[in-house]
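Heads up, the thing below is written out as structure tokens.
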Amino acid sequence: MGRRCPCGPRRRDRPAGEAASGSGASRAPHRRSIKADPDRPARVNYRSLPQLSPEALAAQLLLAVTSQGFSLDAALARVLSQAQPVHRGLVQAMGYEVLRHYEALVFWRDSLLERPIPAKSAIISLLILVGLERILGARREAS
Numbered sequence: 022m023g024r025r026c027p028c029g030p031r032r033r034d035r036p037a038g039e040a041a042s043g044s045g046a047s048r049a050p051h052r053r054s055i056k057a058d059p060d061r062p063a064r065v066n067y068r069s070l071p072q073l074s075p076e077a078l079a080a081q082l083l084l085a086v087t088s089q090g091f092s093l094d095a096a097l098a099r100v101l102s103q104a105q106p107v108h109r110g111l112v113q114a115m116g117y118e119v120l121r122h123y124e125a126l127v128f129w130r131d132s133l134l135e136r137p138i139p140a141k142s143a144i145i146s147l148l149i150l151v152g153l154e155r156i157l158g159a160r161r162e163a164s
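All letters in the sequence shown, in the order written, are residues 22 to 164 by the working numbering.
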């Protein structure tokens with residue numbers, strides 16, 4: 022027996038003079054493979070994405086801006102596409118706040134550390150800046 026199609030029985034070719042009859046006569050031929058359109062972005066299943074924290078995404082945003090030379094808008098578009106919809110505003114706000122207070126946060130971080138963080142661990146350094154901004158932001162809101 023032949024393979025079965027998940028959408029119903031397979032359509033058989035009819036000899037040239039035989040008229041089509043039955044309920045399947047008006048049905049369109051089965052498309053075996055659906056090819057993705059390269060111009061159309063694929064749908065993103067947010068449940069299948071790795072669950073990165075908003076702080077980690079903000080650190081990726083800062084890494085793209087400070088080390089890789091991306092503009093803030095380009096980096097936001099890239100990073101926010103990875104974020105869950107509920108975290109997008111928070112990631113954007115943290116990125117703006119860290120960049121706004123960047124020099125003060127770097128000074129604060131360097132005064133707290135006994136030795137500098139190696140350049141290859143830039144993401145760790147930026148995660149510390151995000152955490153310090155969260156603390157500083159909580160202090161600003163409380164007063």
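Glycine residues also receive a C-beta, built at the ideal position from the N, C-alpha and C atoms.
Only a predicted model underlies this, so the values are computations on that prediction, with no experimental measurement involved.
I need the DSSP call for residue 128, collapsed to helix, strand or coil. Within the sequence shown, numbered from 1, the residue matching residue 128 stands at position 107. Note: residue 128 maps to helix in three-state DSSP.
Round the Cβ separation of residue 126 and residue 154 to the nearest angstrom and send it over; I've been treating them as touching at under 8 Å. Taking the sequence shown and counting its residues from 1, the one referred to as residue 126 is at position 105. Taking the sequence shown and counting its residues from 1, the one referred to as residue 154 is at position 133. Right, the Cβ-Cβ distance comes to about 6 Å (below 8 Å), so this counts as a contact.
In whole angstroms, what separates the C-alpha of residue 78 from that of residue 108? To locate residue 78, count along the sequence shown from 1; it is residue 57. To locate residue 108, count along the sequence shown from 1; it is residue 87. For residue 78 and residue 108, the distance between alpha carbons rounds to 9 Å.
Could you please give the first and the last residue of the uninterrupted alpha helix (DSSP H) stretch that includes residue 107? Counting from 1 along the sequence shown, the entry for residue 107 is found at position 86. Looking at the DSSP string, residue 107 is not in any alpha helix (DSSP H), and its letter there is neither H nor E.
Neighbour-count burial assignment, residue 118, 16 or more Cβ in a 10 Å radius: On the sequence shown, position 97 is the one that residue 118 refers to. By the 10 Å Cβ count, residue 118 comes out buried.
Give me the residue from 97, 130, 134 and 95 with the minimum Cα distance to residue 157. Residue numbering aside, residue 157 sits at position 136 when the sequence shown is read from its first letter. It is 130 whose Cα lies nearest to the Cα of residue 157.
Cα separation between residue 11 and residue 96? Nothing can be reported for residue 11, as the shown portion of the chain is limited to 22 through 164.
Cα-Cα separation, residue 105 to residue 132: By 1-based counting over the sequence shown, the position of residue 105 is 84. By 1-based counting over the sequence shown, the position of residue 132 is 111. If I take the Cα positions, the gap works out to 34 Å.
Roughly how many angstroms lie between the CA atoms of residue 87 and residue 138, to the nearest whole one? If you number the sequence shown from 1, residue 87 lands on position 66. If you number the sequence shown from 1, residue 138 lands on position 117. Going from the Cα of residue 87 to the Cα of residue 138 covers about 16 Å.
Heavy atom of the ligand FAD within 8 Å of residue 93 beta-carbon: In the structure on display, the ligand FAD does not appear, and there are no ligands present to speak of.
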